[in-house]
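There are 2 protein chains.
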Amino acid sequence: MHPRIVDTLKRNQLSVTDSRKKILELFLQRKAALAHADIELHSGDEFDRVTIYRTLQTFVEKGILHTIPSADNSVKYALCKDACTEGHHHDNHVHFMCDTCGTTYCLDHVTVPQVQLPIGYQVQQIDLVASGICIKCQK
Amino acid sequence: MHPRIVDTLKRNQLSVTDSRKKILELFLQRKAALAHADIELHSGDEFDRVTIYRTLQTFVEKGILHTIPSADNSVKYALCKDACTEGHHHDNHVHFMCDTCGTTYCLDHVTVPQVQLPIGYQVQQIDLVASGICIKCQK
DNA sequence: TAGTCAAATGCAACGTTGTTGCAAAACATT
DNA sequence: AATGTTTTGCAACAACGTTGCATTTGACTA
Chain D
138 MHPRIVDTLK RNQLSVTDSR KKILELFLQR KAALAHADIE LHSGDEFDRV
188 TIYRTLQTFV EKGILHTIPS ADNSVKYALC KDACTEGHHH DNHVHFMCDT
238 CGTTYCLDHV TVPQVQLPIG YQVQQIDLVA SGICIKCQK
Chain W
138 MHPRIVDTLK RNQLSVTDSR KKILELFLQR KAALAHADIE LHSGDEFDRV
188 TIYRTLQTFV EKGILHTIPS ADNSVKYALC KDACTEGHHH DNHVHFMCDT
238 CGTTYCLDHV TVPQVQLPIG YQVQQIDLVA SGICIKCQK
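If you read the protein sequences in the order shown, they are chains D and W.
Numbers 138 to 276, taken from our numbering, label the letters of the first sequence in order.
Numbers 138 to 276, taken from our numbering, label the letters of the second sequence in order.
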């Protein structure tokens with residue numbers, strides 16, 4: 138098991154349960170973002186659907202995961218960098234969604250550019266999702 | 138009724154039906170983006186849920202509407218500019234979602250900035266959604 | 001303007017996705 | 001090991017979205 142797992146949970150004042158460990162491990166193993174359905178698949182019948190919903194929700198609240206918007210009603214989740222704390226996300230990196238394999242990547246080193254909005258719009262957060270063909274799917 | 142409605146439908150080789158006219162009119166009246174649920178509310182019992190789903194789908198395919206991604210599993214739809222044609226969307230403007238009133242705006246005059254992605258990522262489309270507080274909700 | 005064909009709609013039924021309340025089980029702490 | 005708190009699983013439900021098919025509507029032609 139990944140050494141960071143128990144540590145991450147404790148640091149966020151979460152009790153260390155099987156489902157939380159397994160779900161967190163899944164995110165640490167795979168580098169890509171995961172949807173609820175992906176987790177359900179990869180965990181088999183190990184946990185109840187409801188537990189997965191609640192765990193994801195908890196992780197987002199604690200700043201362990203962040204959500205990635207999509208245009209097809211299938212929100213994905215990915216690990217936050219250490220900068221995120223409870224209630225305060227700072228995931229201002231670009232996301233990339235591959236149209237071929239469906240994988241969603243966090244491009245941690247690509248920051249979201251400044252955008253000049255019309256006067257009166259007070260911006261709190263900016264999500265930038267690029268889509269196209271990822272490295273692995275290039276022929 | 139808005140004069141552009143029948144024209145838009147015919148230009149896209151769609152038969153002019155009541156539901157299509159009403160739904161298109163709704164988008165022309167309100168400047169903001171609408172979710173399926175919004176349309177269902179505003180059309181009362183006039184059409185079946187299924188008809189709304191199918192109409193939205195058709196409009197997106199034809200390039201009349203485009204979808205706006207969101208982080209909460211509630212895709213919204215908004216009118217495309219004339220540049221969009223069947224199967225080819227060119228909606229590279231910024232979207233703004235108000236956290237207070239929930240309204241989603243197309244900022245047609247704010248274009249999505251260039252983003253330099255790592256080598257190997259072939260970008261097809263970029264969605265940029267800003268969120269915060271809109272003009273009307275500023276106190 | 002009526003007749004014909006193709007397309008769109010409404011209905012019913014179904015599957016998926018997400019939520020809530022509550023009892024049982026697991027965890028943290030002493 | 002005992003206690004109180006948190007988390008889980010189950011059941012039931014609500015919302016969301018899809019599909020097939022009969023009926024209706026719209027487009028087109030004569």
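All residues carry an ideal CB built from backbone N, CA and C; glycine is no exception.
Nothing here was measured: the structure is a model prediction, and the numbers come from that model.
- Residues of the same chain with a CB within less than 6 angstroms of the CB of Val212/W, apart from the 5 flanking positions on each side, are Thr204 in chain order.
- Its Cα nearest to that of Val260/W, the residue Cys235/D stands out among Ile256/D, Leu151/D and Cys235/D.
- The way I'd put it, the stretch 237-256 of chain W does touch the stretch 245-254 of chain D; three or more beta-carbon pairs between them come closer than 8 angstroms.
- A Cβ-Cβ separation of about 7 angstroms places Val153/D in contact with Lys147/D under the 8 angstroms criterion.
- Gly257/D and Tyr258/W do not touch by the CB rule: their CB atoms are close to 34 angstroms apart, not below 8 angstroms.
- When Cβ-Cβ separations below 7 angstroms define contact, Gly181/W makes no contact with chain D.
- Per DSSP, Ile142/W is not a residue of any beta strand (DSSP E); the alpha helix (DSSP H) it occupies stretches across Arg141 to Arg148.
- At a Cβ-Cβ threshold of 7 angstroms, Asn149/W and Lys218/W do not count as neighbours.
- Within its own chain, the residues whose Cβ lies closer than 8 angstroms to the Cβ of Cys274/W, once the five positions on either side in sequence are excluded, are Cys235, Thr237 and Cys238, listed in chain order.
- One finds nothing in chain W with a Cβ atom closer than 8 angstroms to the Cβ of Ile189/D; even the nearest lies about 15 angstroms away.
- By the Cβ-count criterion, Asp264/W is buried, with 16 or more other Cβ atoms from all chains shown falling within 10 Å of its own Cβ.
- Taking the beta carbon of Ala267/W as reference, the chain D residues within 9 angstroms of it are Val252, Leu254, Tyr258, Val260, Gln261, Gln262, Ile263 and Asp264, listed in sequence order.
- Residue environment for Asp228/D: buried (at least 16 other C-beta atoms within 10 angstroms of its C-beta).
- At least one beta carbon of chain W lies nearer than 7 angstroms to the beta carbon of Thr204/D.
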